[in-house]
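Structure, as structure tokens:
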Amino acid sequence: MRPVRPFLFSLVLASVVLTVVGCGKKGPPLAPLRPVPAAVSDLTATRLGDVVQLRFTLPAVNADGSTPANLARVDVYAVTGRPEGPLGRPLTPKEISTLLTRVGSIEVQPPPIVVEGDEAENAPPPPTPAPADGRPVQGTVVFVEETLTDALRAERFAHPDAAKIAKLRAEVGDDVDEAPVPSTEGSGRTLLWPMPDTSAARHYIALPYSTRGVPGTQSTALAVPLGPAPPAPPAPSVTHDATAFTIAWTIPPGLQRPIQATVTAASYGAAMAAKDMDARLPARPIVTYGPAHTFRVYEVPPPGTAGGPPPTPISVEPIEDTTFVDARMVFGVPRCYAVRSVEQRGAIAIESPLSAPTCVTAADTYPPPAPTGLVAVGSGGGVSLIWEPVMAPDLAGYLVLRGVEGEALRPITESPIVEATYRDATAQPGVIYTYAVVAVDRATPANASPESNRVRESAR
Numbered sequence: 075m076r077p078v079r080p081f082l083f084s085l086v087l088a089s090v091v092l093t094v095v096g097c098g099k100k101g102p103p104l105a106p107l108r109p110v111p112a113a114v115s116d117l118t119a120t121r122l123g124d125v126v127q128l129r130f131t132l133p134a135v136n137a138d139g140s141t142p143a144n145l146a147r148v149d150v151y152a153v154t155g156r157p158e159g160p161l162g163r164p165l166t167p168k169e170i171s172t173l174l175t176r177v178g179s180i181e182v183q184p185p186p187i188v189v190e191g192d193e194a195e196n197a198p199p200p201p202t203p204a205p206a207d208g209r210p211v212q213g214t215v216v217f218v219e220e221t222l223t224d225a226l227r228a229e230r231f232a233h234p235d236a237a238k239i240a241k242l243r244a245e246v247g248d249d250v251d252e253a254p255v256p257s258t259e260g261s262g263r264t265l266l267w268p269m270p271d272t273s274a275a276r277h278y279i280a281l282p283y284s285t286r287g288v289p290g291t292q293s294t295a296l297a298v299p300l301g302p303a304p305p306a307p308p309a310p311s312v313t314h315d316a317t318a319f320t321i322a323w324t325i326p327p328g329l330q331r332p333i334q335a336t337v338t339a340a341s342y343g344a345a346m347a348a349k350d351m352d353a354r355l356p357a358r359p360i361v362t363y364g365p366a367h368t369f370r371v372y373e374v375p376p377p378g379t380a381g382g383p384p385p386t387p388i389s390v391e392p393i394e395d396t397t398f399v400d401a402r403m404v405f406g407v408p409r410c411y412a413v414r415s416v417e418q419r420g421a422i423a424i425e426s427p428l429s430a431p432t433c434v435t436a437a438d439t440y441p442p443p444a445p446t447g448l449v450a451v452g453s454g455g456g457v458s459l460i461w462e463p464v465m466a467p468d469l470a471g472y473l474v475l476r477g478v479e480g481e482a483l484r485p486i487t488e489s490p491i492v493e494a495t496y497r498d499a500t501a502q503p504g505v506i507y508t509y510a511v512v513a514v515d516r517a518t519p520a521n522a523s524p525e526s527n528r529v530r531e532s533a534r
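With the first letter of the sequence shown counted as 1, position 455 gets the number 529 in the working numbering; the numbers rise by one all the way through.
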């Protein structure tokens with residue numbers, strides 16, 4: 075055999091090396107990643123009579139954790155019954171958007187474009203400001219409402235493929251009981267209480283969409299019970315003093331009340347610090363019949379008001395008691411109050427319709443406290459007076475009263491003075507005067523306090 079020539083061997087080796095190197099050569103550019111927004115994670119609901127108020131935060135990140143979110147809008151869908159496919163399969167985003175009812179859509183303002191480095195230095199001046207964008211930004215808490223009707227309560231969701239699956243199962247003899255099993259999960263009721271049918275609920279799902287219309291991951295379905303709301307209390311009574319309104323109401327029939335008022339460790343500690351010997355110990359009933367009904371107080375517009383603000387809850391937390399003190403005292407302005415009963419079903423609060431409102435316009439008939447510590451010092455050309463300042467939020471000032479023996483005291487200041495001192499330069503030398511001071515407020519007509527202590531003095 076003839077030996078391989080060195081030149082031919084070198085040529086073959088070079089071809090192999092080029093082939094290997096060519097395997098690592100860059101190919102055509104890959105398509106850019108287009109992330110989708112993360113799921114809504116905090117969908118909550120409150121039911122006010124027949125109105126369901128949904129609340130959630132617009133996603134600010136993508137499903138892969140990158141920011142800002144590639145978010146164009148969030149649609150909210152609803153269905154009565156279980157939102158699932160045959161055999162309990164979760165619905166796909168396409169099924170959600172085509173089979174469920176869209177009850178709201180929140181369009182989201184795109185995030186600002188951030189220019190950095192050399193591009194920022196060479197960027198042209200900003201154009202004329204564009205009109206304000208009223209759409210919410212990422213990370214904003216938004217609300218969607220739906221009003222429940224008899225038609226919504228009567229419908230029950232059935233997946234289009236459910237009948238096909240049932241037919242196939244019947245053909246193979248797979249006879250499975252499809253009746254729902256009553257459950258108390260999430261109801262909070264553990265004894266002697268009707269077990270709710272979890273299928274008799276309106277389910278809500280929030281589904282975010284990217285700027286290219288690609289759906290992200292849907293939120294967990296939130297079930298809002300469709301049963302009757304608790305009864306509303308009768309119209310409350312409203313009284314007031316100089317500093318606050320007191321709203322009181324009676325309990326409507328059919329509400330469950332707590333066996334003992336809730337006492338937390340913090341409230342008990344505060345009572346002990348205040349040396350309240352009647353304070354109850356923190357306790358938990360051994361037998362529970364479900365959470366007791368509570369109440370929430372609302373400020374409502376006066377009857378007949380058109381275009382006014384909606385009813386606003388002024389009690390932050392539900393109230394176990396039947397009284398509430400509103401310290402936002404304003405005289406001369408109509409205030410109207412109404413109350414709702416509250417029933418807690420798991421994470422969902424169901425509130426009754428509003429009670430009939432009670433309106434009151436507080437009149438300021440409360441004088442400031444009387445000045446104290448009045449002292450008079452006579453000197454050449456007059457009498458100097460000084461007293462302790464009065465602490466009152468609506469104090470207008472003081473009136474100085476003067477009289478001689480056998481006469482009534484009369485004001486010697488034409489209008490209220492603001493300082494807690496006064497020099498009577500009209501006092502006649504050798505004449506003994508009796509002085510007193512009263513405080514007056516800014517009401518119309520002004521309310522005057524009782525007199526201060528009286529003093530007697532004369533000019534020198």
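Beta carbons: idealized from backbone N, C-alpha and C, even for Gly.
Just so you know, the alpha carbons of P210 and S140 end up roughly 20 Å apart. In its chain, beyond the 5 residues on either side, T154 have a beta carbon closer than 6 Å to the beta carbon of E229. For P304, the secondary structure class from DSSP, reduced to helix, strand or coil, is coil. The criterion of a C-beta distance shorter than 9 Å is satisfied by D400 and E373. In the three-state scheme derived from DSSP, where H, G and I count as helix and E and B as strand, A344 is classed as helix. For A137, the three-state secondary structure derived from DSSP is coil.
The C-beta separation of H233 from P160 comes to about 6 Å, placing the pair in contact by the 8 Å criterion. In this structure the segment 171-185 does not touch the segment 306-325; the number of beta carbon pairs closer than 8 Å is below three. In this structure, the beta-carbon distance from R129 to E181 does not fall below 9 Å. The three-state secondary structure of P160, taken from DSSP, is helix. For A303, the closest alpha carbon among the candidates V288, P326, D498, P383 is that of P326. Minimum Cα-Cα distance from G406 among the listed residues I239, P519, P442 corresponds to P519. The three-state reading of DSSP puts E219 in strand, counting E and B together. Within a 10 Å sphere around the beta-carbon of P376 sit fewer than 16 other beta-carbons, which makes this residue exposed. Checking the DSSP bridge columns, you'll see Y440 has no partner listed. The Cβ atoms of E531 and I491 lie no closer than 9 Å to each other.
The DSSP assignment places no complete run of the alpha helix (DSSP H) inside the segment 459-513 (cut-off: 4 residues).
When the five nearest sequence neighbours on each side are left out, the beta carbons in the same chain lying within less than 6 Å of the beta carbon of T432 are those of A309, P310, V312, Y411, in order along the chain.
Linking V416 to E158 through their CA atoms gives a straight-line distance of about 30 Å. Rounded to whole angstroms, the separation of the alpha carbons of P441 and S179 is 55 Å. Collapsing the DSSP output to three states places R516 in coil. In the displayed model, A228 falls within a helix according to three-state DSSP.
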